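Single-structure report; data block below.
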Amino acid sequence: HRPRPVVAPPEAPPEEPPPAPPPPAEEVPLRMDGVTLTNAGAGPGFAVDPGSGEDRQGPLGPPGQATGRRVHGRADGTPGAAGRARGPRVVGLTDLSRRPRAPNLAQRLEREYPSRARRQGVEGVVHIQALVEADGSIRQLRRPTTTVEGYGFVEACERVLRHSHWTAPLDRRGRPVAVWIPYRCGFSVQR
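Those letters in the sequence shown? Residues 670 to 860, by our numbering.
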């Protein structure tokens, strides 16, 4: 018997590691400033103020942090479990058993009258919407319009409302709720 030569199989070229996956795209939190969702619309659902036309696609907060989502998140906003919204619900004026009543704001409006407008004898009116919370406080304001621009009437009206305390609005079952109300701030020179 003659020994057979042992032929080694050809060496396979070294395997190249698979290419690394591209890094995930950086998430930019969705900007929701200037957008208010309410149940003030007709029928079921919600109403949205007209936007700026800016694309509003994206996550609702920084990655890995609480988002406040109702779906796929706990009530504290932690992703991964179901949750419920917190706080009193916002209802329409027609769904109230007791509407909120404003305190007497005449003296506060007089104190906040913009000084330049007062010196020049300029009068103005501001129409604004305020969210009266279940505790009677006002934390959100929207859609201000004024009869005279550039004198600070809107800012003065907002200061007055943010420091006011109203009677709490109640729903039809007598529970405290929040409601958007229209309000008019009048600034007139006392003669």
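Cβ coordinates follow ideal geometry from the N, Cα and C atoms, glycine included.
Only a predicted model underlies this, so the values are computations on that prediction, with no experimental measurement involved.
Of the residues the options, which one's Cα is nearest the Cα of residue i?
| i | options | result |
| --- | --- | --- |
| L839 | P686, H832, A847 | A847 |
| L778 | E685, R844, I807, F856 | F856 |
| R844 | A689, E781, V759, P692 | V759 |
| I850 | L765, E684, P692, P688 | L765 |
| P783 | E818, N773, P690, P772 | E818 |
| V791 | R812, V858, P687, E685 | V858 |
| N773 | T763, Q809, Y852, R811 | Y852 |
Helix, strand or coil for residue i? Go by DSSP, reduced to three states.
| i | result |
| --- | --- |
| D764 | helix |
| L800 | strand |
| S784 | helix |
| L774 | coil |
| P686 | coil |
Does the separation of the CB atoms of residue i and residue j fall below 7 Å?
| i | j | result |
| --- | --- | --- |
| V823 | V795 | yes |
| A786 | Y820 | yes |
| P769 | T836 | yes |
| T814 | G793 | no |
| A803 | L830 | no |
| G805 | H832 | no |
| E781 | R841 | no |
In the DSSP assignment, find the beta strand (DSSP E) that holds residue i and state where it starts and stops.
| i | result |
| --- | --- |
| V848 | 847 to 856 |
| T814 | 807 to 815 |
Which two residues bound the contiguous alpha helix (DSSP H) that contains residue i?
| i | result |
| --- | --- |
| R667 | This structure gives no information on residue 667, because the portion of the chain shown stretches from 670 to 860. |
Assuming residue i and residue j form a contact by the criterion Cβ under 8 Å, report the distance between their Cβ atoms to the nearest whole angstrom.
| i | j | result |
| --- | --- | --- |
| I807 | C854 | In fact, because the Cβ distance is near 12 Å, the residues do not count as touching under 8 Å. |
If we define contact as Cβ-Cβ less than 7 Å, is residue i a contact residue for chain C?
| i | result |
| --- | --- |
| V858 | No chain C appears in this structure, which consists of one protein chain only. |
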